[in-house]
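In the numbering used here, the protein residues as written are 103 to 364.
Heads up, the beta-carbon is just placed ideally off N, CA and C, and yes, glycines get one too.
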Amino acid sequence: MMRKTAFFFFVITLFCLQTAWSRTVIVAMDASWPPMEFVDDHNELVGFSVDFMRAVAKEAGFQVEFRNVPWNDILENLAAGKYDAVCSSLSITEERSALVDFSLPYFWDRTIRQALVTLKTSHAGSIEEMRGSLLGAQAGTTGYALLNREQGITPRSYRTIESAMEDLLTGEIDGVVVDDPVAREYTVHKARFAWQLKVAAIVDGGAGEYYGVAVRKGNRELKDLIDRGIEAVQARGIDRELRSKWLEHQTSRTPSEGDEQE
């Protein structure tokens with residue numbers, strides 16, 4: 103009788119685990135942050151975050167479905183249950199941790215820094231030299247929070263980082279502050295921008311930033327599942343392969359006179 107009872111509970115436990123792990127996890131991202139997450143010419147979601155989350159799902163044994171959503175209220179909508187997780191170059195901060203729970207950090211062997219992007223004609227070499235200027239950043243980002251802390255800077259918020267870069271090109275603002283991988287993408291690979299923009303400085307914002315996957319507060323089961331996937335991806339070196347695919351190209355070339363502009 104004891105054997106039958108133990109076997110029964112084993113089967114029930116196994117069934118529950120398989121049921122929980124086999125359902126599709128809906129992951130939201132704002133796909134306006136190249137090369138991390140963006141929409142390609144074929145209208146497909148691509149980038150480091152997309153490939154990384156697919157690898158995490160494969161290693162942890164669950165299916166993943168992506169949704170491209172606006173950045174505004176992305177965490178509030180997560181808390182409201184509109185999706186299961188957010189993987190969108192989301193820096194782990196104390197303020198955000200009050201709203202959601204974060205996975206283990208990824209980009210674990212490097213920190214994300216804030217970069218100042220200006221026109222190539224600008225002589226500014228630091229954020230301090232931009233005092234008295236109008237600088238843009240995407241609303242709700244750590245870059246925008248940094249601008250609000252800087253004395254003598256007038257911040258302007260944007261719905262997307264590309265809108266900020268467009269205004270920088272036309273002289274509406276004097277600079278843009280954004281995560282350094284995104285800054286490199288705009289100043290190296292997006293030819294329409296790269297011909298006129300440069301990374302003028304890396305902004306010292308204190309401690310470096312780490313990206314994490316956000317889940318609803320108290321959803322320990324999904325957090326643990328994603329953490330296991332992240333650990334496996336890192337242990338197998340898959341994250342390094344993805345950085346090589348999406349990020350190492352950023353320092354491999356600069357626009358030359360023979361390049362065709364977009």
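When you compare only the Cα positions, how much space is there between residue i and residue j?
i      : j      : result
Glu178 : Glu196 : 16 Å
Gln120 : Asn174 : Because Gln120 sits at a pLDDT of 44, beneath the cut-off of 50, its placement in the model cannot be relied upon, and the following sentence gives the value as read from the coordinates. Computed Cα separation, rounded: 34 Å.
Met267 : Gly245 : 14 Å
Leu344 : Ile275 : 34 Å
Val301 : Ile340 : 29 Å
Phe204 : Asn170 : 20 Å
Ile263 : Val280 : 8 Å
Ala200 : Arg286 : 31 Å
Gln363 : Phe168 : In this predicted model, Gln363 has a pLDDT of only 35, less than 50, meaning its place in the structure is not dependable enough to derive any value.
His291 : Leu270 : 17 Å
Thr289 : Val278 : 12 Å
Ala157 : Ser235 : 42 Å
Arg330 : His144 : 32 Å
Gly227 : Ala303 : 6 Å
Thr126 : Ala239 : 34 Å
Asn383 : Leu206 : It is not possible to answer for residue 383, since the shown part of the chain is limited to 103 through 364.
Ser265 : Arg198 : 24 Å
Glu231 : Glu350 : 29 Å
Lys319 : Arg338 : 29 Å
Arg355 : Phe150 : Residue placement at Arg355 cannot be trusted, given a pLDDT of 35 that sits under 50; the coordinates are not used to answer.
Leu237 : Pro172 : 22 Å
Arg249 : Arg342 : According to the sequence shown, residue 249 is Leu rather than Arg. Whole-angstrom Cα-Cα distance: 31 Å.
Ala293 : His225 : 21 Å
Ser346 : Arg251 : 34 Å
Phe208 : Val148 : For clarity, residue 208 is Tyr in the given sequence; the question names Phe instead. When rounded, the distance between both Cα atoms is 18 Å.
Asp282 : Thr243 : 13 Å
Asp361 : Ser134 : Residue confidence for Asp361 is low, a pLDDT of 38 falling below 50, so the modelled location carries little weight and cannot support an answer.
Mind checking whether residue i and residue j have CB atoms under 9 Å apart?
i      : j      : result
Arg215 : Val305 : yes
Val284 : Pro136 : yes
Val166 : Val141 : no
Gly273 : Ser193 : no
Ser191 : Met155 : no
Val202 : Ala182 : no
Asp153 : Trp348 : yes
Leu218 : Ile229 : yes
Arg261 : Ala247 : no
Thr213 : Glu311 : yes
Please state whether DSSP places residue i in a helix, a strand or coil.
i      : result
Ser193 : strand
Pro283 : helix
Phe164 : coil
Trp173 : coil
Leu299 : strand
Glu178 : helix
Met138 : coil
Tyr312 : coil
Ala337 : helix
Gly183 : coil
Ile304 : strand
Ile128 : strand
Leu349 : coil
Leu331 : Residue identity differs from the one stated: residue 331 is Gly in this sequence, not Leu. Gly331: helix per DSSP, three-state reduction.
Are the stretch 324–342 and the stretch 150–165 touching by the rule of at least three beta carbon pairs closer than 8 Å? Contact holds: three or more Cβ-Cβ distances are below 8 Å.
Sufficient close CB pairs (3 or more, under 8 Å) joining the stretch 182–202 to the stretch 314–333: yes
Answer yes if the stretch 252–261 comes into contact with the stretch 293–303, meaning at least three C-beta pairs across the two stretches below 8 Å, and no otherwise. no
Uninterrupted beta strand (DSSP E) stretches inside the stretch 185–272 (no shorter than 3 residues): 202–204, 216–221, 236–240, 256–260
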